[in-house]
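The block underneath contains the structure these notes are about, expressed in structure tokens.
There are 2 protein chains.
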Amino acid sequence: MKQQLKQHIEKTIALSDREFDFVFSHFDQKSFLKHQFIIQEGNYAHNDYFILKGLVKSSHIGEEGKEHILQFGTESSWVSDPQAYHTHAKATLNIQCLEDTQTYFISFQEKEKLCADLTKMEKFFSKKTSLEQITLQRRILCLISNNAQNRYEDFLRQYPNLIQRIPKTMIASYLGVSRETLSRLSHA
Amino acid sequence: MKQQLKQHIEKTIALSDREFDFVFSHFDQKSFLKHQFIIQEGNYAHNDYFILKGLVKSSHIGEEGKEHILQFGTESSWVSDPQAYHTHAKATLNIQCLEDTQTYFISFQEKEKLCADLTKMEKFFSKKTSLEQITLQRRILCLISNNAQNRYEDFLRQYPNLIQRIPKTMIASYLGVSRETLSRLSHA
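Listed in order, the protein sequences are those of chains Z and A. Using numbering that gives the first Met the number 0, you'd call the opening residue of the first sequence number 0 and step up by one each time. Using numbering that gives the first Met the number 0, you'd call the opening residue of the second sequence number 0 and step up by one each time.
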């Protein structure tokens, strides 16, 4: 499991075994059951979670009580509420497990200490934030494009292996279309 | 003008005059007239622009030819197409000037060189990316919240001094409401 995190970080920066052990000493481990929440709207959310195994959804509940799914997260991806994490505000997102999920996590405070002591980790986290920013930008372009077919194709591109693991009603919610429209799109 | 950039960077990290001169040597200057484009969809967009003076809008043209405004940028804010900048892909956004606009800009390549030579600038850009990520997240929550009143109040919070400088039709486009609905909101 440690190797999964090491390999992930080494896609951006090189680390000796000793350096990785130092990095790893700033992380903790936590497991969640299907349906449990990793982050709940209204609570503080100081941690950034690296998913070792499992599947989660990140969502927001609109004024009218309707759930809007922002993104899904699976093996070797990170999940957090970026606003709550970086500004120490209360979470505006919910992150809930769709499968039993195992994570390593790092608190904002530990991340700051780690980057001060091993400056190349700043580069890793900076690159990671850039990628997350790009995902959010793609999500915005999806949301404001009124073409459901494009949104469906973008979903398949972003999550090629998840189509079987995510309930159809959640894919429809992510795309902002009805269950019937999704059925039409997936048979097109 | 150099002082404006120095003060901006010094909100995140301390820089000696000599260090700032080194930072500044990685920037270029460019001015744009009202209506001109800083970034156009479909072109490469290697630069990140720091606005010294002026006002711009960042937008995407949907399939149906309708313009969707993502955000506005003004004095001491940064504008770019994050996806195009970080991945060297073609721009999916347009950034157009609503007023005559003066900028300093840094290319992705120069930014990488700068961060390698002066590692504390990595921390500055990392923090900047986090803030941009938060802005995108707020924008997503705005887009998926169906409450126009909330979106209008959020606009006022984010751009307290811009209400007089931005045409009402563009504010309506940003909020995703009609000109008539905006008029009702702004008189509520």
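Every residue gets a Cβ at the ideal spot worked out from N, C-alpha and C, and that includes glycine. Owing to the predicted nature of the structure, the values given are computational and were not obtained by experimental measurement.
Just mark residue i as buried or exposed, buried being the case when its beta carbon has 16 or more other beta carbons within 10 Å.
i                : result
serine 182(A)    : exposed
alanine 88(A)    : exposed
glutamate 9(A)   : exposed
arginine 138(A)  : buried
glutamine 28(A)  : exposed
lysine 110(Z)    : buried
asparagine 42(A) : exposed
glycine 72(Z)    : buried
alanine 13(Z)    : exposed
leucine 155(A)   : exposed
serine 144(A)    : buried
histidine 45(A)  : buried
isoleucine 68(A) : buried
histidine 186(A) : exposed
glutamine 132(A) : buried
lysine 190(A)    : Because chain A here runs from 0 to 187, residue 190(A) falls outside it and cannot be looked at.
lysine 1(Z)      : exposed
glutamine 136(A) : buried
Here's a check: name, in chain order, each residue in its chain whose Cβ is nearer than 7 Å to the Cβ of residue i, leaving out the five neighbours to either side.
i                    : result
tyrosine 48(Z)       : Ile37, Trp77, Val78, Ser79, Thr102, Phe104
cysteine 141(Z)      : Arg150, Asp153
glutamate 66(Z)      : Ser58, Ile60, Ser172
glutamine 82(Z)      : Ala88, Thr91
phenylalanine 124(Z) : Lys110, Cys114
threonine 168(A)     : Arg178
threonine 134(Z)     : Gln70
glutamate 40(A)      : Ile60, Ala90, Thr91, Leu92, Asn93
serine 106(A)        : His45, Asn46
What does residue i touch in chain A if you count any residue whose Cβ is under 9 Å from its own?
i                 : result
asparagine 146(Z) : Gly61, Glu62, Glu63
threonine 198(Z)  : It is not possible to answer for residue 198(Z), since the shown part of chain Z is limited to 0 through 187.
Using a Cβ cut-off of 8 Å, pull out every chain A residue sitting near residue i, in sequence order please.
i               : result
lysine 124(Z)   : The displayed chain sequence assigns phenylalanine, not lysine, to residue 124(Z). By Cβ distance, chain A contributes Ser125.
glutamine 28(Z) : Those within 8 Å of glutamine 28(Z) in chain A number zero; the least Cβ separation is about 25 Å.
threonine 86(Z) : Ile133
glutamine 35(Z) : Those within 8 Å of glutamine 35(Z) in chain A number zero; the least Cβ separation is about 23 Å.
Within its chain, find whatever has a CB closer than 6 Å to the CB of residue i; leave out the 5 residues flanking it on each side and keep chain order.
i                   : result
valine 176(A)       : Ala147
glutamate 98(A)     : Lys33, Gly53, Leu54
serine 75(A)        : His7
aspartate 116(Z)    : none
phenylalanine 26(A) : Tyr103, Ile105
Counting only Cβ pairs nearer than 7 Å, list the residues of chain A close to residue i.
i                 : result
isoleucine 209(Z) : Shown here, chain Z extends from 0 to 187; a query on residue 209(Z) therefore has no answer.
glutamine 39(Z)   : The premise fails here: glutamine 39(Z) is roughly 16 Å from chain A at the closest Cβ pair, so nothing lies under 7 Å.
glutamine 2(Z)    : Within chain A, no residue comes near glutamine 2(Z); the closest Cβ sits about 26 Å away, beyond 7 Å.
Show which residues of chain Z have a CB atom less than 8 Å away from the CB atom of residue i.
i                : result
threonine 128(A) : Ser125, Thr128, Ser129, Gln132
glutamate 121(A) : Thr118, Glu121, Lys122, Ser125
Near residue i, what residues of its chain come up, given a Cβ to Cβ distance below 8 Å and the 5 sequence neighbours on each side ignored?
i                 : result
isoleucine 190(A) : Residue 190(A) is absent from the model: chain A starts at 0 and stops at 187.
leucine 161(A)    : Leu54, Phe71, Thr73
isoleucine 108(Z) : Here residue 108(Z) is glutamine; the residue named in the question, isoleucine, does not match the sequence. His45, listed in sequence order.
glutamate 18(Z)   : Leu117
cysteine 96(Z)    : Phe31, Leu32, Lys33, His34, Gln35, Phe36, Ile37, Gly53, Leu54, Val55
glutamate 62(A)   : none
For residue i, return the contacting residues in chain Z, with the cut-off set at a CB-CB distance below 7 Å.
i               : result
glutamine 95(A) : Within chain Z, no residue comes near glutamine 95(A); the closest Cβ sits about 17 Å away, beyond 7 Å.
If you measure beta-carbon to beta-carbon, which residues of the region 57–75 of chain A are closer than 7 Å to chain Z?
Listed by position, the residues of the region 57–75 of chain A near chain Z (Cβ gap below 7 Å) are His59, Gly61, Glu62, Glu63, His67, Leu69.
Three or more C-beta pairs closer than 8 Å, one from the region 122–136 of chain A and one from the region 165–180 of chain Z: is that the case here?
No: fewer than three Cβ pairs fall under 8 Å.
In chain order, what residues of the region 147–174 of chain A put their CB closer than 8 Å to some CB of chain Z?
Per Cβ criterion, the list reads Asn149.
Inter-stretch contact at 8 Å, needing at least 3 Cβ pairs: the region 107–121 of chain Z / the region 19–28 of chain Z
Judged by Cβ distances under 8 Å, the region 107–121 of chain Z makes contact with the region 19–28 of chain Z, as three or more pairs qualify.
To be precise: take each residue of the region 4–32 of chain A, compare its Cβ to all Cβ atoms of chain Z, and keep it if any distance is under 8 Å. Which residues remain?
Within the region 4–32 of chain A, no residue qualifies.
Mind listing which residues of the region 100–111 of chain A have their C-beta closer than 7 Å to chain Z's C-betas, in chain order?
So the list is empty, because no residue satisfies the distance condition.
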